[in-house]
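Participant:
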Amino acid sequence: MVRHDSFINKIRTLDYIYKTRQKRTDLWRKKGGTHYLSVPNRDLLSDEYVTSALSQAGCPPKEIQNFLTSAKC
Amino acid sequence: MVFAGRPCVSIVVLACQPLRPYNRFVVKQQVVRVDANIQWKILQAKSGEWVGVCDPLKLTVEAETWADLMEDIGHTLDALLKDLLSSNELDRFLRDQGWKLLAAIPSRPEGVRFDVPFIPAMMANANGTARQLHQ
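Protein chains in written order, with our numbering: chain A, 1 to 73; chain B, 1 to 135.
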């Protein structure tokens with residue numbers, strides 16, 4: 001599991017900006033593009049979610065693995 | 001006499017006020033249906049959460065229960081299209097995806113709610129157990 005704050009910090013470094021809040025999720029959008037991320041408003045995010053979301057955001061597998069290792073709680 | 005007169009005056013003043021249209025600020029929500037059929041791959045994480053992955057849109061949504069996931073996918077698609085509408089990029093996005101609106105955007109778009117149909121397809125879960133496709 002990965003802390004919500006760690007994931008937010010990571011996607012900020014990838015140039016995503018906060019857009020809107022829904023019932024249980026937040027919508028983030030890549031600056032200058034039309035790619036979006038839906039981030040759950042929960043303290044902990046599953047490894048599967050983090051891996052898929054970062055992969056779709058264009059992160060190479062090795063970078064995702066490093067992030068998971070460093071951000072795991 | 002003074003005390004007896006005041007309440008009567010107040011009542012007259014209140015009675016003379018026109019009825020206030022309290023509902024005039026309520027924005028009526030208008031559903032705009034989208035002609036789209038996107039597939040979401042659904043899997044269950046090792047920790048128990050449900051994760052939905054949409055490859056065409058490069059979107060991933062996570063929720064605690066299946067019902068929450070279905071709702072959150074709908075809300076995410078609605079929010080995404082609203083954001084594109086606000087930045088005047090909706091038409092181009094719809095063209096790129098091959099989607100069509102089944103109704104015109106209302107003149108006051110702040111009340112619009114996009115309804116995007118999607119197909120959840122159960123995939124193997126994190127433990128590797130194959131699950132059947134739901135369709």
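All residues carry an ideal CB built from backbone N, CA and C; glycine is no exception.
Just the chain B side, please: which residues come within less than 7 Å of H35 of chain A by C-beta, in chain order?
Facilitator: Here the neighbours are K58.
Participant: So which residues on chain A does E89 of chain B lean against when the C-beta distance must stay under 9 Å?
Facilitator: Under the 9 Å cutoff, chain A gives T34.
Participant: Of all the CB atoms in chain B, is at least one closer than 8 Å to the CB of Y49 of chain A?
Facilitator: It does: the Cβ of Y49 of chain A has a partner Cβ on chain B nearer than 8 Å.
Participant: Under 9 Å Cβ-Cβ, which residues of chain A neighbour S47 of chain B?
Facilitator: Simply M1, L44, S46, D47, E48.
Participant: Should L102 of chain B and F93 of chain B be called a contact, given that it needs their Cβ atoms to be closer than 8 Å?
Facilitator: No, the Cβ-Cβ distance between L102 of chain B and F93 of chain B is not below 8 Å.
Participant: Identify whether V12 of chain B lies in helix, strand or coil by the three-state DSSP scheme.
Facilitator: Only weak support exists for where V12 of chain B lies, its pLDDT of 43 falling under 50; the value from the coordinates is given anyway. Residue state, collapsed to three classes: helix.
Participant: Whole angstroms are fine: how far does the CA of D26 of chain A sit from the CA of P40 of chain A?
Facilitator: Each residue's alpha carbon lies about 6 Å from the other.
Participant: Mark S70 of chain A as exposed unless 16 or more other C-beta atoms lie within 10 angstroms of its C-beta, in which case mark it buried.
Facilitator: The residue is exposed, with fewer than 16 neighbouring Cβ atoms inside 10 Å.
Participant: Could you tell me the distance, in whole angstroms, from the CA atom of R42 of chain A to the CA atom of F7 of chain A?
Facilitator: Their backbone Cα atoms lie some 11 Å apart in a straight line.
Participant: State the CB to CB distance for the pair I73 of chain B and G98 of chain B, rounded to an integer number of angstroms; the pair is presumed to be in contact (CB under 8 Å).
Facilitator: Contact flag wrong, Cβ pair sits at about 19 Å.
Participant: Could you name the residues of the stretch 8 to 25 of chain A whose beta carbon sits closer than 7 Å to any beta carbon of chain B, in the order they occur along the chain?
Facilitator: The residues in question are K19, T20, Q22, K23, R24, T25.
Participant: Could you check whether the Cβ of A71 of chain A sits closer than 8 Å to any Cβ belonging to chain B?
Facilitator: No, A71 of chain A lies away from the interface with chain B (no Cβ there is under 8 Å from its Cβ).
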